[in-house]
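Working notes for the structure below.
2 protein chains.
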Amino acid sequence: MSEQRFPVSRLDASQPDFEQVLNKLLDRRMIEDADVARTVADIIYQVRTRGDDAVLEYTRRFDRLNVDNMAQLEVSRSQMEAALAALEPELAEALRHAADRIRRYHERQLQSSWQYEEDDGSVYGQHVIALDRAGLYVPGGKANYPSSVLMNAIPARVAGVKEIIAVVPTPYGEDAGGAGRLIFAAAAVAGVDRLFTIGGAQAIAALAFGTQTIARVDKITGPGNVFVTAAKKQVFGEVGIDMIAGPSELTIVCDGKTDPDWIAMDLFSQAEHDEQAQSILISTDREYLDAVHDSITRLMPQMERQAIIATSMQNRGALIYAPDQQNALAICNQIAPEHLELSVEKPDEWLPGIRHAGAIFMGRYTPEALGDYCAGPCHVLPTSGTARFFSPLGVYDFQKRSSIIRCSEQGAARLAPVAEKLAYNEKLQAHALSAAWRIPGRKA
Amino acid sequence: MSEQRFPVSRLDASQPDFEQVLNKLLDRRMIEDADVARTVADIIYQVRTRGDDAVLEYTRRFDRLNVDNMAQLEVSRSQMEAALAALEPELAEALRHAADRIRRYHERQLQSSWQYEEDDGSVYGQHVIALDRAGLYVPGGKANYPSSVLMNAIPARVAGVKEIIAVVPTPYGEDAGGAGRLIFAAAAVAGVDRLFTIGGAQAIAALAFGTQTIARVDKITGPGNVFVTAAKKQVFGEVGIDMIAGPSELTIVCDGKTDPDWIAMDLFSQAEHDEQAQSILISTDREYLDAVHDSITRLMPQMERQAIIATSMQNRGALIYAPDQQNALAICNQIAPEHLELSVEKPDEWLPGIRHAGAIFMGRYTPEALGDYCAGPCHVLPTSGTARFFSPLGVYDFQKRSSIIRCSEQGAARLAPVAEKLAYNEKLQAHALSAAWRIPGRKA
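Printed below as a string of structure tokens:
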């Protein structure tokens, strides 16, 4: 059936132009759209200076919602609880089951304060404290993700954040009996304190600077569209930001022994998010790539989101032949994928070679979809190669540290001469005197 | 002597307008200078597209350095070692002593990978890995900070970063026999791999995108001037960024029992960095504030950096009366200072009330200056109230995490129905099938 195969890129890492072809496929340069940046800067300025009025105005304009006060955009705790109570029991149970697993995993990430005492009686340490208030962006758009409410809010709750404010684009607010219901129910399960049906750059600005109704938060987490991403970048520093996210992506490495249909469906599960999503398969077995290619071709027409999947697979997908394991690992590290499936017999032998990946799904029985919903780890992950430096969203994102230094009189006398020496060499006399005066007898 | 007292602001927290006066003094709004942002965007674009040529061009223009190739801007490992060997022994010893203490403190911050097994044989965990390459910005400008080389590089080295590239503005390169020598020696002590005498937005762009000579790094740390700060913000997301820094600041809380001269000198030690630096004293004892005011007045003329200190103290300093401990703590948390001295009898009784501070210096024998050089904790700290969400620079900044999920066949069969249920509710059929097909007998 090779002649009618679905048109997905086939790459060969043993070819001299592979590097170049791969880089073109990855297309990593962030799109610096000057128009988007200007629009976003203006929205931020308006919300910062005019508060609620500006939020209402943009929500009317962009979300085409007929609102004239913020109360219309807030979902109360009792509305969240009511949405949960109204869910079919099986679905409520699935949400609770997922929440429970996410909570258990994240409890292991909690960091504690520590300190130690030196022999001179001085004490050094690190004080670990939860953020006061976190703002969670729950994406709307092409799909409806109650799982994202759990994945953002539970790590914050585990960290001990005092107040969690979530925002989700308003279209869900209109459809309180439909898709929104599940978001509201998930907010109840996750313990969100306040929920606003607003989105876009105006929601980010409201969280970053606060308005009459929405309290300023200390950190904003969660992915969104290009306007949300641009806004997060522009407010970075005024407020904490988890990461800068691009389209979602999956790389699978397979040794050729997993059911090709499973792998095709795993690739589709990534592709169905968005036309810009990226699904890549790497294998050291050329014939296996043919088999997956055939599965893709055969399964495609059965997919409900075929249009999105086909566009994503055709424009951004690839099946890559790698001559050996070392080569396959090098490609993985170059991609630094958000999701990495090691669909191989002995994934433990591959793991030490992986340097950059958001989440690693090991073995044939760990499709990304299990991680997306309920395995436990967070599904908010670094994209576009940023796994080189960003980490999955976690409890650590909602904790911060203060250094603790407590010198004893003896400890100060021991350290002060070192500080004095270095301070005079940096020509900072006040530093030198401030240290030296703690030495007995040094101050006149 | 009150009539000739040095003109520093005296605030009273029991006055009705205090909140407003304090906010004005803090002046927290980041200066969004559109001209600076545009200039920086252009520099980044030029360096990104033209590489070394653009770096050389800006270095000639801004640092007035006559250079025509990058080799002239690189300090080799042997030059660093030679600078260290040529230092007077006492100074070399002070650097090594400081480095040793910084290393010991930071070793406690190292995070390790972890995993746990569920009863169904599934394994969950977190893989913690050092960054491949870090870029450290060492500020130049009004003072010369070899201590900053130690404070940036040692946490990176402890984390296990493979390659550390440091940059420091070129004027030091010209003065290889003077101030630069100490920077080069500190780089040798700290284990910096490559050192370039470049600075400004062009150095940030070179580290973020790489040039023919400078390899692209994964994260950039360390504070700089407004151009450096604007550049760090603009490249955030392309590369990791530690924090967005403003002028340095110190808040002291004193119970009125510390030598007023010590406290005045501590305030001066912050003020001498920069005219924009901020030194604030809070006390529950009005007479003590008078005593410190007198010390400030008397000691000021003796200071080598009197001009800078006087400008900083007059424009941005303050002596604040707070009626009681709770009130003093509330003011501290509102300031969220970079450095906080608890110069009180029982600092442990104050600590639980502190929610926001970069570093906390406890007791009368712990002036900030000891922490600046050699106590152990990092002196790269969150400023301008960003201690609400940023942490001190640390080993954790140079480590990143990947989530690990390894489902057993039994574990997948247990999780897949939950994922399937949630996926269908999010209308993501491929997610549902990808999960469900791992359940025995579910795939036709």
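Note that the protein sequences, when read in sequence, are chains A and B. Quick note on my numbering: the first sequence kicks off at 118 and runs consecutively. Quick note on my numbering: the second sequence kicks off at 118 and runs consecutively. Where is the CB? At the ideal position from N, CA and C, for every residue including glycine.
| said: Short of 9 Å Cβ to Cβ, which residues in the segment 470-483 of chain A face chain B? | reply: Those residues of the segment 470-483 of chain A that come within reach of chain B (Cβ to Cβ, closer than 9 Å) are ILE471, ARG472, HIS473, ALA474, GLY475, ALA476, ILE477, PHE478, MET479, GLY480, ARG481, TYR482 and THR483.
| What does GLU486 (chain B) touch in chain A if you count any residue whose Cβ is under 7 Å from its own? | Here residue 486 (chain B) is taken as the residue at index 369 of the second sequence, counted from 1. A quick correction: the sequence has Ala, not Glu, at residue 486 (chain B). Correct list: ALA536, ALA540, HIS548, SER551 and ALA552.
| Option nearest GLU191 (chain B) by Cα separation, candidates B:PRO499, B:ARG422, B:ALA304 and B:GLU458 | Counted from its first residue, the second sequence places residue 191 (chain B) at position 74. Minimum Cα distance to GLU191 (chain B) is reached at B:ALA304.
| said: Three Cβ pairs or more, each shorter than 8 Å: is that satisfied between the segment 533-546 of chain A and the segment 485-493 of chain B? | reply: yes
| Rounded C-alpha distance that separates GLY290 (chain B) from LEU545 (chain A) | Mapped onto the second sequence, residue 290 (chain B) falls at position 173. Mapped onto the first sequence, residue 545 (chain A) falls at position 428. Here the model assigns GLY290 (chain B) a pLDDT of 44, short of 50, so the residue's position is not dependable, and the following value carries that caveat. Using only the alpha carbons, I get a separation of about 21 Å.
| said: Among A:ALA200, A:LEU143, A:ARG422 and A:ALA561, whose alpha-carbon lies nearest the alpha-carbon of GLU389 (chain A)? | reply: Working through the first sequence from its first residue, we reach residue 389 (chain A) at position 272. Residue A:ARG422 is the option with its Cα nearest to GLU389 (chain A).
| message | Looking at the secondary structure, which residues open and close the beta strand (DSSP E) in which GLN516 (chain B) lies? | response | On the second sequence, position 399 is the one that residue 516 (chain B) refers to. Segment 516-523, the beta strand (DSSP E) holding GLN516 (chain B).
| query | Who are the near neighbours of ALA293 (chain A) in its chain, counting only those whose CB is closer than 7 Å to its CB and skipping five residues on each side? | reply | As a working note, residue 293 (chain A) is residue 176 in the first sequence. Per-residue confidence for ALA293 (chain A) stands at a pLDDT of 39, beneath the threshold of 50, marking its modelled position as unreliable; the derived number appears in the next sentence. Closer than 7 Å at Cβ, skipping near neighbours: no residue.
| query | Of all the CB atoms in chain E, is at least one closer than 8 Å to the CB of LYS141 (chain B)? | reply | Here chain E cannot be found, since the structure's protein chains are A and B.
| According to DSSP, is ALA540 (chain A) helix, strand or coil? | Numbered from its first residue, the first sequence carries residue 540 (chain A) at position 423. Reduced to three states, the DSSP call for ALA540 (chain A) is helix.
| When burial is assigned at 16 or more other CB atoms within 10 Å of the CB, is SER193 (chain B) buried or exposed? | Numbered from its first residue, the second sequence carries residue 193 (chain B) at position 76. It counts as exposed.
| request: Report the three-state DSSP secondary structure of GLY294 (chain B) (helix, strand or coil). | output: Counted from its first residue, the second sequence places residue 294 (chain B) at position 177. Here GLY294 (chain B) scores only 40 on pLDDT, less than 50, and its place in the model is too uncertain to base an answer on.
| task | Mind checking the segment 374-385 of chain A against chain B and listing, in chain order, the residues whose C-beta falls within less than 8 Å of any C-beta there? | result | ASP376, ASP378, TRP379, MET382, ASP383 and PHE385
| Grouping DSSP H, G and I as helix and E and B as strand, with all else coil, what is GLY316 (chain A)? | What you label residue 316 (chain A) is simply residue 199 of the first sequence in a count that begins at 1. Three-state result, GLY316 (chain A): coil.
| task | In the DSSP assignment, find the unbroken alpha helix (DSSP H) run with CYS449 (chain B) in it and report its ends. | result | To locate residue 449 (chain B), count along the second sequence from 1; it is residue 332. CYS449 (chain B) -> alpha helix (DSSP H) spans 442-452.
| Any heavy atom of the ligand GDP closer than 7 Å to the CB of ASP217 (chain B)? | This structure lacks the ligand GDP, and indeed carries no ligand of any kind.
| field | For HIS410 (chain B) and ARG122 (chain B), believed in contact at Cβ under 8 Å, the rounded distance | value | To locate residue 122 (chain B), count along the second sequence from 1; it is residue 5. To locate residue 410 (chain B), count along the second sequence from 1; it is residue 293. At roughly 5 Å, the Cβ-Cβ gap stays under 8 Å, so ARG122 (chain B) and HIS410 (chain B) are in contact.
| message | For VAL356 (chain A), would you say it is in contact with chain B, using Cβ-to-Cβ distances shorter than 8 Å as the test? | response | Reading the first sequence from its first residue, position 239 is the one you call residue 356 (chain A). Interface residue, yes.
| request: Determine whether the Cβ of HIS410 (chain A) lies closer than 8 Å to any Cβ atom of chain B. | output: Along the first sequence, one-based indexing puts residue 410 (chain A) at 293. Not closer than 8 Å to any Cβ of chain B, the Cβ of HIS410 (chain A) fails to qualify, so no.
| task | Report yes if the C-beta distance between GLN387 (chain A) and GLU366 (chain A) is below 8 Å; otherwise report no. | result | The count along the first sequence starts at 1 and reaches residue 387 (chain A) at position 270. The count along the first sequence starts at 1 and reaches residue 366 (chain A) at position 249. The answer is yes: Cβ separation under 8 Å.
| field | Burial state of THR166 (chain B) (16 or more Cβ within 10 Å) | value | For the purposes of this step, residue 166 (chain B) is taken as the residue at position 49 of the second sequence. Under this definition THR166 (chain B) is an exposed residue.
| query | Between the C-alpha atoms of ILE219 (chain A) and PRO494 (chain A), what's the straight-line distance to the nearest angstrom? | reply | As a first step, residue 219 (chain A) is located in the first sequence; it is residue number 102 there, counting from the start. As a first step, residue 494 (chain A) is located in the first sequence; it is residue number 377 there, counting from the start. Their Cα atoms are separated by approximately 6 Å.
| field | From B:ASN342, B:VAL512, B:ILE315 and B:TRP554, residue whose alpha carbon lies closest to that of GLN228 (chain B) | value | The sequence position of residue 228 (chain B) within the second sequence is 111, counting from 1. Answer by Cα proximity: B:VAL512.
| field | Cut-off 6 Å between Cβ atoms - residues of its own chain near THR308 (chain B), not counting five sequence neighbours on either side | value | Position 191 of the second sequence, counting from 1, holds the residue named residue 308 (chain B). Per the sequence shown, residue 308 (chain B) should be read as Gly rather than Thr. Result list for GLY308 (chain B): ARG274, in chain order.
| said: Please report the straight-line C-alpha distance between ALA130 (chain B) and ALA549 (chain B), rounded to a whole angstrom. | reply: If you number the second sequence from 1, residue 130 (chain B) lands on position 13. If you number the second sequence from 1, residue 549 (chain B) lands on position 432. Spanning the two alpha carbons is a distance of roughly 60 Å.
| To which residues of the same chain is GLU572 (chain A) closer than 6 Å at the C-beta, ignoring the five residues directly before and after it? | No statement about residue 572 (chain A) is possible, as the shown extent of chain A runs from 118 to 561 and does not include it.
| Interfacial residues, the segment 414-438 of chain B to chain A, with Cβ spacing under 8 Å | MET420, GLU421, ARG422 and ILE426
| Residue(s) in a DSSP beta bridge with MET420 (chain A) | Working through the first sequence from its first residue, we reach residue 420 (chain A) at position 303. Partner(s): none; MET420 (chain A) has no beta bridge.
| For LEU253 (chain B), the nearest candidate out of B:VAL278, B:ALA202 and B:GLN243 (CA to CA) | Sequence index remark: in the second sequence, residue 253 (chain B) carries index 136 (1-based). It is B:VAL278 whose Cα lies nearest to the Cα of LEU253 (chain B).
| In the DSSP assignment, what are the bridge partners of TRP231 (chain B)? | Translated into positions along the second sequence, residue 231 (chain B) becomes position 114. In the DSSP output, where bridge partners are listed per residue, TRP231 (chain B) has B:GLN243.
| Option nearest PRO286 (chain B) by Cα separation, candidates B:SER501, B:PRO509, B:ALA276 and B:GLY339 | The residue labelled residue 286 (chain B) in the question sits at position 169 within the second sequence. Ranking the options by Cα distance to PRO286 (chain B), first place goes to B:GLY339.
| ASP152 (chain B) versus chain A: which residues are under 8 Å apart at the beta carbon? | What you label residue 152 (chain B) is simply residue 35 of the second sequence in a count that begins at 1. Those within 8 Å of ASP152 (chain B) in chain A number zero; the least Cβ separation is about 14 Å.
| Nearest CA to the CA of THR500 (chain A): which residue from A:VAL306, A:THR346 and A:GLN319? | As a position in the first sequence, residue 500 (chain A) is number 383, starting the count at 1. It is A:THR346.
| Residue environment, CYS524 (chain A), which counts as buried when at least 16 other CB atoms sit within 10 Å | Numbered from 1 along the first sequence, position 407 holds the residue referred to as residue 524 (chain A). The residue is buried, with at least 16 neighbouring Cβ atoms inside 10 Å.
| message | I need the DSSP call for THR428 (chain B), collapsed to helix, strand or coil. | response | Here the question's residue 428 (chain B) lines up with position 311 in the second sequence. In the structure shown, THR428 (chain B) sits in a helix (DSSP, three-state: H, G or I).
| field | Alpha carbon of ILE300 (chain A) to alpha carbon of ALA215 (chain A), nearest angstrom | value | Walking along the first sequence from the start, residue 300 (chain A) turns up at place 183. Walking along the first sequence from the start, residue 215 (chain A) turns up at place 98. Rounded to the nearest angstrom, the two C-alpha atoms are 14 Å apart.
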